[in-house]
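Q: Position 232, counted from 1, in the sequence shown is what UniProt numbering calls 232; the numbers after and before it change by one each time, with no gaps.
Glycine is no exception: its CB is placed at the ideal position from the N, C-alpha and C atoms.
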Amino acid sequence: MSRGRGAGSSGTRFDPNTPSDDIGWKFGKMVENNRYKSQCIFCGKIVSGGITRLKEHLAHKKGQVSSCPSVSGEVRELMMKHLKDCSKKQQDKRKRHEELKEKIRATQCDEEYEYVAFNNDSDESDDSDPEMTIARQESVRMQYEHEERQRFQNRTRGRYHVGGSSGAGGSGNHDIGPPPEIEVDLHRSKGQKQSKMSSRFLEAAKQKLGRAVSQFVLYTRLPSNTVNSPWLEPMLDVAREVGKGTKLPSSYEVAEVYLPKEYEAIQKWIGSLKTTWEERGVMAYLPPNFKKLL
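1. Starting from the C-beta of V213, find all residues in its chain whose C-beta is less than 7 Å away, skip the five residues before and the five after it, and write them out in chain order.
2. Per DSSP, residue 298 forms a beta bridge with which residues?
3. Could you check whether I23 and H82 sit closer than 7 Å to each other, using their CB atoms as the reference points?
4. Is it the case that the region 238–249 contacts the region 262–282, given that we only count it when at least three CB pairs across the two stretches are under 8 Å?
5. Can you tell me whether F27 is buried or exposed? The criterion is at least 16 other CB atoms within 10 Å of its CB, across all chains shown.
6. Can you have a look at H97 and say buried or exposed, based on whether 16 or more other CB atoms are within 10 angstroms of its CB?
7. Is it buried or exposed, E278, if we count other Cβ atoms within 10 angstroms and call 16 or more buried?
8. According to DSSP, simplified to helix, strand and coil, what is K93?
9. List the residues that DSSP assigns as beta-bridge partners of K29.
10. Would V75 be called buried (16 or more neighbouring beta carbons within 10 Å of its own) or exposed?
11. Look at the Cβ atom of S48, then the Cβ atom of K37, and state whether they are nearer than 7 Å.
12. Thinking just about the alpha-carbon of each residue, which of C86, Y263 and A284 is nearest to the one in E56?
Here is the structure:
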C-alpha cells in the first residue's frame, strides 16, 4: 500500500508530534518543527501559511495555493466538506458577534440618552437658550481633553515626540502640544452649574471609556492586567489626536508593516548599548545568537 493511500484510509495520524488534532494533520506533517509550514504526504509539496493552506491544497480550492495532483477523490471530498463547514461556523460566529455588538451599542446609546436627559432636567431647566447649552457642553468637553493631553505630555516628556515613533525614521522632534484653546463666553452666574456639570461629565466619560476598554479586553480574551500596559494610554492619546474616521491597522499591517519597524527599533536600541557593554565586559556573557543582533 502506498504512503498516500495508507494515510488517507487509516484513522491514524502520519506524524505523532503534530501541534493539534486538526484533521488536516492526518494528511501532512510539520516541516522544521514549524506549525505554519507543512508537507503534503500525497505529493510531497511543502505548503506555507498553516494547516488551512494544506487543506485547501488537498481540496483543490483555488486562490491561495496550488492543487494536489496525487490526492485521492475521497480525501479531496472530505477536505472540501470540512472547509465548507468551517466557513459556515465562522460566518455564524461573526453574525453572533455583530448581533452582540449591536446590543451593546444600543445599551450604550440608551445610557447616554438617559445621562443627557438627566442633565437637561436637573441643570438646564432654567436655561431656555439651546445655543448656550451646547456651548457650555462643548467647553467642558474641550477642557477635559486639554487636561488629558497635558497629563499625558507631562508623563512622556522627553521620550515621545512627533515623528519619533519607532522605526518611522521621522525627523520631527517637537513635543505633542495641547490643542488650541477655544474660549466660550459664559456668564459668571453659570459657574457653579458648569462645575457641577463638569463633574458629572467626567464621571460619565470615565464610565464610558472603562466599559469600552473592558469590552475589548474581555471579548478578545486578553488578561485583565492588559489595562496596566504602559502602551495603552499612549495608544488612546494618539487615537484622540488623530480623531474619528482614522482606520485601525489590519492584521496584515501589524505583522508585515509595524512588526518589522519595531524589530528595527529594538535593534537600534541594543546597538546603542553595545559600547557600554563592551566597556563593562558584558559582551563576554552574551550568548552567540544574541551577539548576532549587535
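A: Here's the rundown:
1. Stepping through the sequence shown from its first residue, residue 213 is reached at position 213. Cβ within range, chain order: V227.
2. Since the displayed the chain opens at 1 and closes at 294, residue 298 lies outside it and no answer follows.
3. Taking the sequence shown and counting its residues from 1, the one referred to as residue 82 is at position 82. Taking the sequence shown and counting its residues from 1, the one referred to as residue 23 is at position 23. Their beta carbons are under 7 Å apart, which means H82 touches I23 by this criterion.
4. no
5. Locating residue 27 in the sequence shown gives position 27, counting from the first residue. When all chains shown are included, F27 counts as buried.
6. Reading the sequence shown from its first residue, position 97 is the one you call residue 97. So H97 ends up on the exposed side.
7. Here residue 278 corresponds to residue number 278 of the sequence shown, with the count starting at 1. Exposed, because fewer than 16 other Cβ atoms sit within 10 Å of the Cβ of E278.
8. For this step, residue 93 is matched to residue 93 along the sequence shown. Looking at K93 - three-state DSSP - the assignment turns out to be helix.
9. Translated into positions along the sequence shown, residue 29 becomes position 29. In the DSSP output, where bridge partners are listed per residue, K29 has Q39.
10. Here residue 75 refers to the residue found at position 75 of the sequence shown. Label assigned to V75: buried.
11. Counting from 1 along the sequence shown, the entry for residue 48 is found at position 48. Counting from 1 along the sequence shown, the entry for residue 37 is found at position 37. Contact flag set, yes.
12. To locate residue 56, count along the sequence shown from 1; it is residue 56. Closest by alpha carbon: C86.
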